[in-house]
Structure formats: C-alpha cells, structure tokens
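In the UniProt record's numbering, the protein residues as written are 1 to 329. Ideal Cβ placement from N, Cα and C applies to all residues, glycine included. Predicted, not measured: the structure shown is a model, and the values here were computed from it.
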C-alpha cells in the first residue's frame, strides 16, 4: 500500500480515487465543498460526480483542507479543471510540494498561453523533472466507474519514477503503460479536446460518419505536426495515449468537448453551452493557446483554425465548415 493525496472533486478525480482505493492505497482527497466531504465520509459516494460509484471508506479520507491533504503523503495527484489549477496552487505554500512526487492528471492548458498543467506545476513549485509525471489516455471517467477495460499511460522523464507509480493504477480492468514523453502526452491530451469540439460541431451540422472519418484522420496529422514542432523530435503517433485518446474524444458522445461542439453548432454561445453542460469543456480554452502557437510557428492546422475562428472571432459555423471541407484530404 502507498499513501496518496488527490486534489480535485470532479469525475476524473473520483475515477482516480476509485482505482487507488480499490488497490487499498490510503487516499487523502481534497474536495472544495464540505457537503461533498460529508457524503463521501459517511456514504462513500461523491454526490455530484459518478454518484453510482461506491468508494471504500476504509481507504478514502476526504477533506476540504487542502494543506492537510497535501501534507499527508509523498505522492500528490492534481486532477482539477485546468482553469482551476492556478487558484488551487495559490492556496498552497511555495514549499508545500518540496521533496514530494507530483503527478498531473489535468487535461487542459493553464493560464492565457499554451502552458500545460505539468509545466505550470513545475514552474510554480520549482519541481524537478525527476519528481514529476503525468497520466493520460483514452478513457472516460464513467467507464472507469463501470469497470470497463481502460488503458492509461503514465509518463515521466524519470523512468524509475514511472516504474514506481504505475502499479498503484493497475486494476483487472485498467492496463497501465509507461513512456518518457510527458510533453507529448500532455499536449496530445490538450489537442484532442479541440478535435472533440470539431467533431461535435460536425455532428450538430448534420455531417455523417464519412465526413467524421476524414476529419479525425486529418486531426491525426495535425496533432503529429503539432507535437513534433513542440518536442523537436518524432513522436510515435501509433501509441494509444496519442491516437487512442484522439479517437475516443472525436467519436464518443460521452466526450464533453464533443457535446460542447454540438451545442455551438446548434446555436448556443460558448457560455450557454458551458452552462448547459455543467462542466468545463477543456478544448474551448485550449483552442486559443494552440492557435497562437500555430500562428507563431507557421503551422497550417485547418481543423484547429476552424474551431478557433468559430469560438473566438464569431464566424459562422456553417461557412467555416464549408471552407474546412476544401482543406481536408
């Protein structure tokens, strides 16, 4: 058993806590709201997310005291929406993560630019690469809750750290792989959310499976171009943590980014769509940062450009997709 702390109270954090506690790892869990803490402590249920999931109260220790949760273990997992990460970090002392292992499970950009969550945490808390990792993969929290077979990738430039961490996530229904490309893994998880929005828009406009297949295959090329530009080296796009995550986000109706895109195509504003979903669509913010990077580096990424202009320059969804049709191959 390994003692772990989890920061975040949403569906992804709940799914992570489910895995950890099923493996009988004592898990200290920070949730902002005291009513959530009370329900979990008394019933083993997060009332707002994955409420059908019963957690083992012998191993889950919820608290609304962030400092206390972080102080309880040497392994800290951040699983909050990307927009909330700076607010959470600001509540901690600058030395709160000194000598601790930090694992990012955050799936979006942080701040106004294109910073990944891992990069933000490393800079804010001065964490060396040797104590930093991220976890991602083609997974919906709802399917982890239902014990459906899932593949996750734990990535760190420190191979020994990855080898130490991955067993705490292994379950009969969870297969865990490791790699040494946290930058690629992190930004693949960011770009795939933009593709999710694009596929939802296509669905909302009435496009069918034929077009979606072309859209997703072109998105694979866009992501490949983007990741190779960022990393400065070839990335194996055939790994499930890259292409698999892109596919599940593009095709599955469980994807909140896909749901968000569909609502936009049906006439909602971004704010209206977010309000309807009741959850963050990470691709909304990611599109702005990725577009700025693509422009600065002269990358031709038509799917990204289409999503950006619809969300941020008020261009017509119909007109932009007609233009996109001519740019896909």
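Applying the 10 Å Cβ sphere with the 16-neighbour rule, what's the burial state of residue i?
{"i": "residue 319", "result": "exposed"}
{"i": "residue 222", "result": "buried"}
{"i": "residue 53", "result": "buried"}
{"i": "residue 217", "result": "exposed"}
{"i": "residue 43", "result": "exposed"}
{"i": "residue 329", "result": "exposed"}
{"i": "residue 306", "result": "buried"}
{"i": "residue 81", "result": "buried"}
{"i": "residue 296", "result": "exposed"}
{"i": "residue 148", "result": "exposed"}
{"i": "residue 129", "result": "exposed"}
{"i": "residue 87", "result": "exposed"}
{"i": "residue 172", "result": "exposed"}
{"i": "residue 300", "result": "exposed"}
{"i": "residue 390", "result": "Residue 390 lies beyond the range of the chain shown here (1 to 329); nothing can be said about it."}
{"i": "residue 131", "result": "buried"}
{"i": "residue 267", "result": "exposed"}
{"i": "residue 71", "result": "exposed"}
{"i": "residue 313", "result": "exposed"}
{"i": "residue 199", "result": "buried"}
{"i": "residue 278", "result": "exposed"}
{"i": "residue 262", "result": "buried"}
{"i": "residue 327", "result": "exposed"}
{"i": "residue 98", "result": "exposed"}
Within a Cβ cutoff of 7 angstroms, which residues of the same chain sit near residue i, ignoring the five residues on either side of it in sequence?
{"i": "residue 27", "result": "4, 6, 17, 20, 21, 59, 60, 61"}
{"i": "residue 211", "result": "202"}
{"i": "residue 230", "result": "183, 187"}
{"i": "residue 315", "result": "309"}
{"i": "residue 159", "result": "180"}
{"i": "residue 317", "result": "201, 205, 264, 265, 310"}
{"i": "residue 34", "result": "64"}
{"i": "residue 83", "result": "280, 285"}
Give me the Cβ distance between residue i and residue j, rounded to the nearest whole Å; I'm assuming they're in contact under 8 angstroms.
{"i": "residue 184", "j": "residue 114", "result": "About 14 angstroms; that fails the 8 angstroms criterion."}
{"i": "residue 109", "j": "residue 286", "result": "5 angstroms"}
{"i": "residue 135", "j": "residue 105", "result": "5 angstroms"}
{"i": "residue 133", "j": "residue 156", "result": "4 angstroms"}
{"i": "residue 118", "j": "residue 13", "result": "Contact flag wrong, Cβ pair sits at about 17 angstroms."}
{"i": "residue 303", "j": "residue 215", "result": "7 angstroms"}
{"i": "residue 310", "j": "residue 274", "result": "Actually they do not touch by this definition, with Cβ atoms about 15 angstroms apart."}
{"i": "residue 194", "j": "residue 250", "result": "The Cβ separation is near 10 angstroms, so there is no contact."}
{"i": "residue 85", "j": "residue 120", "result": "6 angstroms"}
{"i": "residue 308", "j": "residue 291", "result": "4 angstroms"}
{"i": "residue 2", "j": "residue 168", "result": "6 angstroms"}
With a threshold of 8 angstroms on Cβ separation, who are the neighbours of residue i within its own chain once the five nearest residues in sequence on each side are excluded?
{"i": "residue 63", "result": "28, 29, 30, 31, 37, 69"}
{"i": "residue 321", "result": "201, 202, 205, 207, 306"}
{"i": "residue 337", "result": "The structure shown does not extend to residue 337, since the chain spans only 1 to 329, so no value can be given for it."}
{"i": "residue 354", "result": "Lying before the first or after the last residue shown, residue 354 is absent from the chain, which here runs from 1 to 329."}
{"i": "residue 276", "result": "263, 268"}
{"i": "residue 220", "result": "237, 243, 246"}
{"i": "residue 209", "result": "none"}
Quick one: residues in its chain with C-beta nearer than 6 angstroms to the C-beta of residue i, no 5 flanking neighbours on either side, listed in chain order?
{"i": "residue 333", "result": "Here the chain covers residues 1 to 329 and nothing more, so residue 333 does not appear."}
{"i": "residue 41", "result": "62"}
{"i": "residue 237", "result": "224, 243"}
{"i": "residue 177", "result": "153"}
{"i": "residue 144", "result": "15, 150"}
{"i": "residue 192", "result": "245, 246, 249"}
{"i": "residue 100", "result": "74, 76"}
{"i": "residue 116", "result": "186"}
{"i": "residue 11", "result": "49, 50, 141"}
{"i": "residue 280", "result": "81"}
{"i": "residue 8", "result": "79, 80"}
{"i": "residue 252", "result": "none"}
Give me whichever residues DSSP pairs with residue i in a beta bridge.
{"i": "residue 115", "result": "110"}
{"i": "residue 335", "result": "Nothing can be reported for residue 335: it is not among the residues displayed for the chain, which extend from 1 to 329."}
{"i": "residue 27", "result": "4, 60"}
{"i": "residue 170", "result": "BP columns for residue 170 are empty, so no partner."}
{"i": "residue 154", "result": "135, 178"}
I'd like to know if residue i contacts chain C, where contact means its C-beta is closer than 9 angstroms to some C-beta of that chain.
{"i": "residue 281", "result": "Among the chains in the structure shown there is no chain C, since it carries only a single protein chain."}
| request: Would you check if the segment 163 to 171 and the segment 253 to 264 touch, i.e. whether three or more CB-CB distances between them fall below 8 angstroms? | output: Contact between the segment 253 to 264 and the segment 163 to 171 is absent: fewer than 3 CB-CB pairs across the two stretches fall below 8 angstroms.
| said: Is it the case that the segment 173 to 188 contacts the segment 203 to 211, given that we only count it when at least three CB pairs across the two stretches are under 8 angstroms? | reply: Touching, no.
| field | At least three beta-carbon pairs within less than 8 angstroms, the segment 124 to 131 to the segment 88 to 96 | value | Output reads yes: the segment 88 to 96 touches the segment 124 to 131.
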